[in-house]
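Here is the structure we will look at.
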Amino acid sequence: MRRKVKLRYLLIFILPSLVLYSLFVIYPIIGSLFISFYKWPGVGPMTFIGFDNFRSLFVGYFSSQLWNAFYHNIMFFFFTSILELGLGFFIALVIASNIKGGNYFKTIVYIPNMIPMVLVGFLWGLFLNPQIGFINEFLKIIGLGSLVQPWLGSMSLAFPTVIAVNIWRNLGFYVLVLLAAIINVPNELLEAAYIDGASAWNVVWKIIFPLSFATFRTLLLLLFIWSFNVFDIVYALEGAQGGPAGATDVLGTLFYRTAFGGLGSGATGMGLGAAVTVFIFAIIFPVSVIYVYSVEKRSSS
Amino acid sequence: MRKLFITLTVVSLLIVFGVLTFGENQVITIWSWRAQDAPVWQKVQQILNSEGINVTIKFTAFDPTQYDSKVNLALQTGTGPDIVYSRRLPGSQTESLIKTGLYLPLSGKVDFSNFPSSILKSVTYQGTEYGVPFAVQVCGIFYNKSIYTKYDLSVPKTWDQLVENAKILKSHGVTPFFVSGKDGWSLAMQHAMCGVSILGPEWIKELTDGATDFLAPKWVQLNTMLNDLKVYYQPGFLANSTNDQDAAFAFGQAAMVFYGIWGYGTWIQLNPAIANDVGYFMVPPLSTNEKSYAYSYMDGAFSLTSSCKNIPLALKVLQFAATPQFGTIFANITDNIPAVSGVVMPDVPILKQAVETYENDSSPWVYWVGSVFTTGSPDLYNNVLTPGMQSMYANKITPYQFAQMAQQAISQWYKPLQEFIKSYYK
Numbered sequence: 000m001r002r003k004v005k006l007r008y009l010l011i012f013i014l015p016s017l018v019l020y021s022l023f024v025i026y027p028i029i030g031s032l033f034i035s036f037y038k039w040p041g042v043g044p045m046t047f048i049g050f051d052n053f054r055s056l057f058v059g060y061f062s063s064q065l066w067n068a069f070y071h072n073i074m075f076f077f078f079t080s081i082l083e084l085g086l087g088f089f090i091a092l093v094i095a096s097n098i099k100g101g102n103y104f105k106t107i108v109y110i111p112n113m114i115p116m117v118l119v120g121f122l123w124g125l126f127l128n129p130q131i132g133f134i135n136e137f138l139k140i141i142g143l144g145s146l147v148q149p150w151l152g153s154m155s156l157a158f159p160t161v162i163a164v165n166i167w168r169n170l171g172f173y174v175l176v177l178l179a180a181i182i183n184v185p186n187e188l189l190e191a192a193y194i195d196g197a198s199a200w201n202v203v204w205k206i207i208f209p210l211s212f213a214t215f216r217t218l219l220l221l222l223f224i225w226s227f228n229v230f231d232i233v234y235a236l237e238g239a240q241g242g243p244a245g246a247t248d249v250l251g252t253l254f255y256r257t258a259f260g261g262l263g264s265g266a267t268g269m270g271l272g273a274a275v276t277v278f279i280f281a282i283i284f285p286v287s288v289i290y291v292y293s294v295e296k297r298s299s300s
Numbered sequence: 000m001r002k003l004f005i006t007l008t009v010v011s012l013l014i015v016f017g018v019l020t021f022g023e024n025q026v027i028t029i030w031s032w033r034a035q036d037a038p039v040w041q042k043v044q045q046i047l048n049s050e051g052i053n054v055t056i057k058f059t060a061f062d063p064t065q066y067d068s069k070v071n072l073a074l075q076t077g078t079g080p081d082i083v084y085s086r087r088l089p090g091s092q093t094e095s096l097i098k099t100g101l102y103l104p105l106s107g108k109v110d111f112s113n114f115p116s117s118i119l120k121s122v123t124y125q126g127t128e129y130g131v132p133f134a135v136q137v138c139g140i141f142y143n144k145s146i147y148t149k150y151d152l153s154v155p156k157t158w159d160q161l162v163e164n165a166k167i168l169k170s171h172g173v174t175p176f177f178v179s180g181k182d183g184w185s186l187a188m189q190h191a192m193c194g195v196s197i198l199g200p201e202w203i204k205e206l207t208d209g210a211t212d213f214l215a216p217k218w219v220q221l222n223t224m225l226n227d228l229k230v231y232y233q234p235g236f237l238a239n240s241t242n243d244q245d246a247a248f249a250f251g252q253a254a255m256v257f258y259g260i261w262g263y264g265t266w267i268q269l270n271p272a273i274a275n276d277v278g279y280f281m282v283p284p285l286s287t288n289e290k291s292y293a294y295s296y297m298d299g300a301f302s303l304t305s306s307c308k309n310i311p312l313a314l315k316v317l318q319f320a321a322t323p324q325f326g327t328i329f330a331n332i333t334d335n336i337p338a339v340s341g342v343v344m345p346d347v348p349i350l351k352q353a354v355e356t357y358e359n360d361s362s363p364w365v366y367w368v369g370s371v372f373t374t375g376s377p378d379l380y381n382n383v384l385t386p387g388m389q390s391m392y393a394n395k396i397t398p399y400q401f402a403q404m405a406q407q408a409i410s411q412w413y414k415p416l417q418e419f420i421k422s423y424y425k
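First to last, the protein sequences are chains U and B.
Quick note on numbering that gives the first Met the number 0: the first sequence kicks off at 0 and runs consecutively.
Quick note on numbering that gives the first Met the number 0: the second sequence kicks off at 0 and runs consecutively.
Given below as structure tokens:
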């Protein structure tokens, strides 16, 4: 009897979020899976075409764009995780060592994180302008005029530049989270290690790093999900084309282009766009499951 | 007495109710991708009010890249505005909205006699008009007259003379062309406006009819000519946007830009002193025996939607938008060329020149916006010209590979081209 009452209350409490979740998460996911089997310009009748969208995406006309964008997502994940987690860990260590001014630095490094991504894109677009941009002018002033580059317009530099701007924006977040993990390492352990004569290097790698590894793992999984969802910074810096010539194209911008076309003059294909989202979902979903599982495990242990 | 009282009450209630409902329904909502048009509609409202038509026009502008999806969604759910700015025909966006009955026909309800038939083609679907055209755009090369005078240059008659001018400017340390390579659409436009003069409308007609293809020497040659011209663009041009381009041209930091007449309004807003310095010429052809053409097109139209709550009133607004009086207001406020004829243009020489160019030198055949090549997927605009120009300029592909890209994309769906390939390459 008691059990039944409990279940009823449980359902009542779950219901509101279940409704919202179904409406805004489950329905769109199933909806886009559904649309991906149709040819549909966004309005009017939908024509069932089976796997044609996937075919043109994976092996047909759009395949070169898809794999190019996919490659960039992987690279984006690779470099942001190495640099954001690596640099973040290093800076967090320095701050945790009670260095003078560390607290100020902690605040400063976090400030960019409070600026909306679109604004970051706009600002850096100005800074990186090849004619009047602050970066190139600065290089000229300090006598490094030979390094002046069209940062966002060069095939080889555009993507690293986008990653760099992204790191500038997000680094503060990783510093704060990793700092919290480092501070959580019990002081006794560190003291004991120093008494035993362990070098600073060994203390970092044998004690601090292993003890904050769970945080690393969580951040890494989140970074993976974010890297495959990335859209805003690329769109703000390089536009929906992921220019120059697809050098910064990611799955997010590819979806935007295929689904919505360009400025109303090109053909739009919601079905094709939906197929891109299904692909993104197929990549992210397993990782999300691992993420939820690992967070669950952490909180229960 | 009692009867009179009741009658009076009923009558006064009816009047109050009538006034209330009358007042309520007098709002006409308009959605647009052109934020600069807001003052136009304020003026229209003033005039209509002074003519005794009680209407309040609520104008909302959206980001151009999101505009179409917003309209699609709102109209399908019946929550759209009364009037929307619609895209030109042929084009899949407008065609789908017409086919599903979300745009209402205007034939017989609006007087279209003030529009030339060439413009009405862009709003007509299966013999019925679905929009009141508002503006036409003329593309070409805009140049800084002072810079041209300073270096004793004249308006080029051939492509070679254009290149020669650029060479002279460059030798004097002047940036000959400012190109916004980051905004791929402007590169597609550059290709298209050069195409009408270099390839010629005849050739483009053959391409449209399936009598030639994208691998023809002429098309490859056009690609090559554009690729060879890039040494005269500002350094790092693939990193510049149209905003950078507007600023550079308005302040005389570059001699020429490949652009459209709509840029003029922005330039004089940025730097009023540039007003008399802006000159225009069409992209010159290969030889003096050939004629130059301008890429011009109808920019868009006002369409009546199925969400409209007060059709008679919305029609009054649209009827006014089809008059020369509206065109005059539109031209004077936005410095754009109105689509309607009989307009008193503002006394700006370059606008008058653009109107003349539009009337006399427009290419009848085109392959960018307003052409059949943008009606299927992958389309020539977004999937070929935009990424292709960037790739070619970045040395990622050759002019020939760029041509192959077009061939491959369009042959996926365009029947006349498929048939040409079948018969030509067997």
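Even for Gly, the Cβ is constructed at its ideal location relative to N, Cα and C.
Note that the coordinates shown come from a computational prediction; the quantities given were computed from them, not determined experimentally.
Chain-order list of residues whose beta-carbon lies under 8 Å from that of residue i (same chain, five-residue window excluded)
i	result
residue 224(B)	158, 193, 197
For residue i, three-class secondary structure by DSSP
i	result
residue 75(U)	helix
residue 351(B)	helix
residue 297(B)	strand
residue 256(B)	strand
residue 156(B)	coil
residue 258(U)	helix
residue 87(U)	helix
residue 85(B)	strand
residue 148(B)	helix
residue 30(U)	helix
residue 127(U)	coil
residue 411(B)	coil
residue 134(B)	strand
residue 128(B)	strand
residue 218(U)	helix
Where residue i meets chain U, residues with beta-carbon distance less than 8 Å
i	result
residue 408(B)	60
residue 400(B)	Within chain U, no residue comes near residue 400(B); the closest Cβ sits about 12 Å away, beyond 8 Å.
residue 211(B)	Residues of chain U passing the Cβ test: none, with the nearest at roughly 22 Å.
Distance, residue j Cα to residue i Cα
i	j	result
residue 19(U)	residue 27(U)	12 Å
residue 258(U)	residue 200(B)	32 Å
residue 230(U)	residue 83(U)	18 Å
residue 179(U)	residue 73(U)	28 Å
residue 186(B)	residue 294(U)	48 Å
residue 219(B)	residue 166(U)	42 Å
residue 193(U)	residue 202(U)	8 Å
residue 64(U)	residue 263(B)	36 Å
residue 182(B)	residue 367(B)	16 Å
residue 22(B)	residue 322(B)	Below a pLDDT of 50, predicted positions are generally treated as unreliable, and residue 22(B), at 48, falls in that range; the measurement from the model is reported next regardless. Cα to Cα, the separation comes out at about 26 Å.
residue 253(B)	residue 122(U)	24 Å
residue 249(B)	residue 173(B)	15 Å
residue 263(U)	residue 64(B)	Interpretation of residue 263(U) is limited by its pLDDT of 45, a score under 50 that renders its predicted location unreliable; no figure is taken from the coordinates.
residue 133(U)	residue 114(U)	19 Å
residue 238(U)	residue 222(B)	24 Å
Residue i: contacting residues in chain C (beta-carbon distance under 8 Å)
i	result
residue 233(B)	The structure shown contains no chain C; its protein chains are U and B.
Neighbourhood of residue i by C-beta distance below 6 Å, restricted to the same chain and skipping five residues each side
i	result
residue 158(U)	246, 247
residue 274(U)	35, 52, 53, 56
residue 213(B)	402, 405, 406
residue 44(B)	56
Contacting residues, own chain, Cβ-Cβ under 7 Å from residue i (five flanking each side not counted)
i	result
residue 115(B)	340
residue 47(U)	36, 37
residue 301(U)	One cannot answer for residue 301(U) here, as it falls past the ends of chain U, which runs 0 to 300.
Per-residue contacts from residue i into chain U (C-beta, under 7 Å)
i	result
residue 386(B)	240, 244, 245
Closer than 7 Å at the beta carbon, the chain B residues around residue i
i	result
residue 66(U)	Result: empty, since nearest Cβ-Cβ is about 15 Å, beyond 7 Å.
Interface residues of chain B facing residue i [CB-CB closer than 8 Å]
i	result
residue 237(U)	181
residue 259(U)	64, 65, 67, 68
Amino acids of chain B, ordered along the chain, whose beta-carbon sits closer than 9 Å to that of residue i
i	result
residue 220(U)	Within chain B, no residue comes near residue 220(U); the closest Cβ sits about 31 Å away, beyond 9 Å.
Quiz item: Does the count of Cβ pairs from the stretch 106-114 of chain B and the stretch 276-287 of chain B closer than 8 Å reach three?
Solution: no
Quiz item: Just checking, does the stretch 206-223 of chain U make contact with the stretch 121-132 of chain U on the three C-beta pairs under 8 Å criterion?
Solution: no
Practice problem: For the stretch 73-91 of chain B and the stretch 301-317 of chain B, state whether three or more C-beta atom pairs, one from each stretch, are separated by less than 8 Å. | Solution: yes
Practice problem: Would you be able to state if there are at least three C-beta pairs under 8 Å between the stretch 279-297 of chain B and the stretch 153-168 of chain B? | Solution: yes
Quiz item: Does the stretch 98-105 of chain B touch the stretch 115-134 of chain B, meaning 3 or more C-beta pairs lie closer than 8 Å?
Solution: yes
Exercise. Check whether the stretch 123-140 of chain B touches the stretch 297-304 of chain B, taking contact to mean three or more Cβ pairs, one atom from each stretch, closer than 8 Å.
Key: yes
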